[in-house]
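Undergrad: Got a structure for you, written out below as structure tokens; questions coming shortly.
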Amino acid sequence: MTTDENTVTTVLLVDDHELIRQGLRHAFERDPQFRVVGEAGSVAEALSQADETRPDVVIMDLRLPDGSGLDATRKLRSAMPAVGIVVLTMYAGDEQLFGALEAGASAFVPKNAPSDEVVAAARHAASAPTAFTASDLAEAMKRRLAPTGPQLSPREGQVLQLLADGMSVAGIAKHLYVSESTAKTHISKLYEKLGAGNRAQALMTALRLGLLEAPNAPRF
1 MTTDENTVTT VLLVDDHELI RQGLRHAFER DPQFRVVGEA GSVAEALSQA
51 DETRPDVVIM DLRLPDGSGL DATRKLRSAM PAVGIVVLTM YAGDEQLFGA
101 LEAGASAFVP KNAPSDEVVA AARHAASAPT AFTASDLAEA MKRRLAPTGP
151 QLSPREGQVL QLLADGMSVA GIAKHLYVSE STAKTHISKL YEKLGAGNRA
201 QALMTALRLG LLEAPNAPRF
């Protein structure tokens, strides 16, 4: 592959938005290591262009009008084992990240990342196409391996139950013999761990994760 800095790395851009392709093209044209050899706006075009141009790296949008970028990634990885594939997506959640990893992508980059990050991912993909990288990979792995979702401290578990019982901040502070400021801090940390913005969201998430019993569940 193109590991020598004096060797040009060829790039195929796949995205159904022309403005995004233009922006990516400009980003790569600023770096003398890269040369854009094709553009595509669909899965079918991507596979055809890849077969025709045989690029070193493909920048692949996740959502395309005729299918998934992950399906295209699997087909490209099967047909061109040495190609670097950077999945670029607006929907950068854990599900999409692991989907890219399992499909055989070389890198995963959110669309709101700076263009330099996309170029850096392409550089990695060209030199190590089968070594997956993503900025949030380590944290995503921790989240996936967590056995029961967020790990709450004993005090956070108390606060969660008091919230479920309908207690106010003042009531929680009084029950726990702490100041209202401390109670608010516990609640804030609890919301952060649950990815919630308010009491209702926190309780719904806690129920879904099994951190709370359903209101009508018997207690023993």
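In this text, residue positions in the sequence shown follow full-length UniProt numbering: the first is 1, and each later residue adds one. No residue lacks a Cβ here, since even glycine has one placed at the ideal position from N, Cα and C. These figures come from a predicted structure and were not determined experimentally.
Where do the ends of the beta strand (DSSP E) carrying Thr-10 lie?
TA: 9 to 14
Undergrad: Using the beta-carbon count (16 or more within 10 Å), is Val-8 buried or exposed?
TA: exposed
Undergrad: Counting only the same chain and skipping the five closest in sequence on each side, list residues whose C-beta sits under 6 Å from that of residue 227.
TA: Outside the shown range of the chain (1 to 220) lies residue 227, about which nothing can therefore be said.
Undergrad: With DSSP as the reference, label Glu-213 as helix, strand or coil.
TA: coil
Undergrad: Ordered along the chain, which non-local residues of its own chain (more than five positions away) have a Cβ less than 7 Å from that of Gly-67?
TA: Cβ within range, chain order: Val-43.
Undergrad: Assuming contact is defined by CB atoms lying nearer than 7 Å, are Ala-105 and Thr-73 in contact in what I supplied?
TA: yes
Undergrad: Whose C-alpha, out of Glu-95, Glu-102, Glu-29, is nearest the C-alpha of Arg-77?
TA: Ranking the options by Cα distance to Arg-77, first place goes to Glu-102.
Undergrad: In angstroms with no decimal places, state the Cα-to-Cα distance between Phe-220 and Met-80.
TA: At Phe-220 the pLDDT is 36, less than 50, meaning the model places this residue with poor confidence; the figure from the coordinates comes in the next sentence. The straight-line gap from Cα to Cα measures roughly 59 Å.
Undergrad: Quick check: the Cα distance between Pro-55 and Tyr-91, rounded to an integer number of angstroms?
TA: Distance from the CA atom of Pro-55 to the CA atom of Tyr-91, rounded to whole angstroms, is 25 Å.
Undergrad: Check whether the Cβ atoms of Ala-164 and Leu-190 sit closer than 7 Å, and answer yes or no.
TA: no
Undergrad: Skipping 5 residues on each side, what residues in its chain have a beta carbon closer than 6 Å to that of Leu-64?
TA: Asp-16, Ser-42, Val-43
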